[in-house]
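Engineer: Have a look at this one.
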Amino acid sequence: GDEKKFGYVVGQVMKASGGKANPQEVNRLLAERLRQARSAE
99 GDEKKFGYVV
109 GQVMKASGGK
119 ANPQEVNRLL
129 AERLRQARSA
139 E
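Residues 99 to 139 (this note's numbering) make up the sequence shown, in order.
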């Protein structure tokens with residue numbers, strides 16, 4: 099479930115950045131934002 103969605107979003111970020119983004123960093127930021135969003139609900 100969530101891992102596939104993460105992979106998709108990270109892929110889109112990599113595509114948008116022309117492959118310059120750090121996938122681990124993108125993943126970490128995404129997880130952090132997701133936690134913040136879920137705790138705000």
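Note that CB positions come from ideal geometry on N, CA and C, so glycine has one too.
(1) Between V107 and P121, which are expected to be in contact by the criterion C-beta below 8 Å, what is the C-beta distance as a whole number of angstroms?
(2) Tell me which same chain residues have a C-beta within less than 7 Å of the C-beta of V111, skipping the five on either side of it?
(3) Are the CB atoms of F104 and A129 within a distance shorter than 9 Å?
Structural biologist: In short, the structure shows the following:
(1) Here the question's residue 107 lines up with position 9 in the sequence shown. Here the question's residue 121 lines up with position 23 in the sequence shown. Rounded, the Cβ-Cβ distance is 11 Å, inconsistent with contact.
(2) Residue numbering aside, residue 111 sits at position 13 when the sequence shown is read from its first letter. Closer than 7 Å at Cβ, skipping near neighbours: A119 and V124.
(3) In the sequence shown, counting from the first residue as 1, residue 129 sits at position 31. In the sequence shown, counting from the first residue as 1, residue 104 sits at position 6. Yes.
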